[in-house]
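Heads up: the sequence shown is residues 1 to 249, going by the numbering used here.
Heads up, the thing below is written out as structure tokens.
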Amino acid sequence: DIQILGINSITPDTYESQHNIKDYNGNDACVCFQNAAVNMTVSAKRFVPDSVAGDVNGDGKLTISDYTLVRLYLLSLREFNDAEKAAADVNGDGKVSVADYTLMRLALLGLKGLNGLGAGSYVTEPVTVEFSINMHEFDKDGGTYQAFNNLSLRLFVVTQTDADFRIYHRRYGHGVGLSQRGAEQRAKSADPNVNTFDRIIAFYYPNTTLAVQPYGRPVLTPLPGAGPSPSPSPEPEPSPEPTPEPSPA
């Protein structure tokens, strides 16, 4: 087994086709790829898990097969890996020797018992583990893709807890100005260091200064040479009701 101790480096690894997005000055602002993964190189050490003492072949019990394997190892006719060495070291002195071979023989003959469980332990061999994590998969329409900022690669944040490593993916957007989707997600956040208007603007427009400018002009400025406003037309008076003609005698 391998116990990961820390992350050394993170390298974006990209596949398939790509296209560049330019800013207003013609510089590369964003490089977009159709498929993306992140390769991480970590510091690790091999870890020997708990095992039955003397169980060199890993079948969960001490048998004549394990005894034979230790004999072959002592005769330099077979190599042991770290887990096999830990299982064969039944006296716990950190090496596989004739003393362990003798104890295993006595245990198989029923003349001496061994500790039933050997404790897990670290060995000194450092290990470099490289692996890839696919951050995005294509949907059925092939419309999913990933964008990297080609200057700082700010999209990925990796944090380490006592139990695992967590990779967070930041929404960046189109790479030119403010991203409406990214701003929406930040506004919905419960973190006051993220969701306020000034924090959102500062994220998309670094080094921007916000200032309040007084506005003292009238709301509407009269046009030059304009005359007075026309007077409203009087409302027409209602027509008189017609007088009915007298009925004939």
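Each residue gets a CB set at the ideal place from its N, CA and C atoms; glycine is no exception.
C-beta atoms of residue 187 and residue 195 nearer than 7 Å:
As a position in the sequence shown, residue 187 is number 187, starting the count at 1. As a position in the sequence shown, residue 195 is number 195, starting the count at 1. For residue 187 and residue 195, yes; Cβs fall inside 7 Å.
CB of residue 211 within 7 Å of CB of residue 200, strictly
As a first step, residue 211 must be located in the sequence shown, where it is residue number 211. As a first step, residue 200 must be located in the sequence shown, where it is residue number 200. Not in contact: residue 211 and residue 200 (Cβ atoms no closer than 7 Å).
Skipping 5 residues on each side, what residues in its chain have a beta carbon closer than 6 Å to that of residue 112?
Residue numbering aside, residue 112 sits at position 112 when the sequence shown is read from its first letter. Within the same chain, residue 112 has close Cβ partners 106.
Could you tell me the distance, in whole angstroms, from the CA atom of residue 192 to the CA atom of residue 185?
Against the sequence shown, residue 192 aligns to sequence position 192. Against the sequence shown, residue 185 aligns to sequence position 185. Cα-Cα distance, rounded: 13 Å.
Use the C-beta contact count for residue 275: other C-beta atoms within 10 angstroms, 16 or more gives buried, fewer gives exposed.
With the chain covering 1 to 249 only, the question about residue 275 has no answer from this structure.
Can you tell me whether DSSP reads residue 65 as helix, strand or coil?
Counted from its first residue, the sequence shown places residue 65 at position 65. It is helical.
Euclidean distance between Cα positions of residue 77 and residue 98
Mapped onto the sequence shown, residue 77 falls at position 77. Mapped onto the sequence shown, residue 98 falls at position 98. If you take the alpha carbons of residue 77 and residue 98, they lie about 15 Å apart.
Kindly give me the distance between the Cβ atoms of residue 70 and residue 104, rounded to whole angstroms, as I take these residues to be in contact under 8 Å.
In the sequence shown, residue 70 corresponds to position 70, counting from 1. In the sequence shown, residue 104 corresponds to position 104, counting from 1. About 6 Å; that satisfies the 8 Å criterion.
Once DSSP output is grouped into helix, strand and coil, what is the label at residue 78?
Position 78 of the sequence shown, counted from the first residue, corresponds to residue 78. Reduced to three states, the DSSP call for residue 78 is coil.
With 16 other Cβ atoms within 10 Å as the buried cut-off, status of residue 119
In the sequence shown, the residue the question calls residue 119 occupies position 119. Interpretation of residue 119 is limited by its pLDDT of 40, a score under 50 that renders its predicted location unreliable; no figure is taken from the coordinates.
Cut-off 7 Å between Cβ atoms - residues of its own chain near residue 57, not counting five sequence neighbours on either side:
Taking the first residue of the sequence shown as 1, we reach residue 57 at position 57. So the list reads 65, 66 and 69, once near-sequence residues are dropped.
Secondary structure at residue 183, three-state DSSP: helix, strand or coil?
Counting from 1 along the sequence shown, the entry for residue 183 is found at position 183. Correct three-state label for residue 183: helix.
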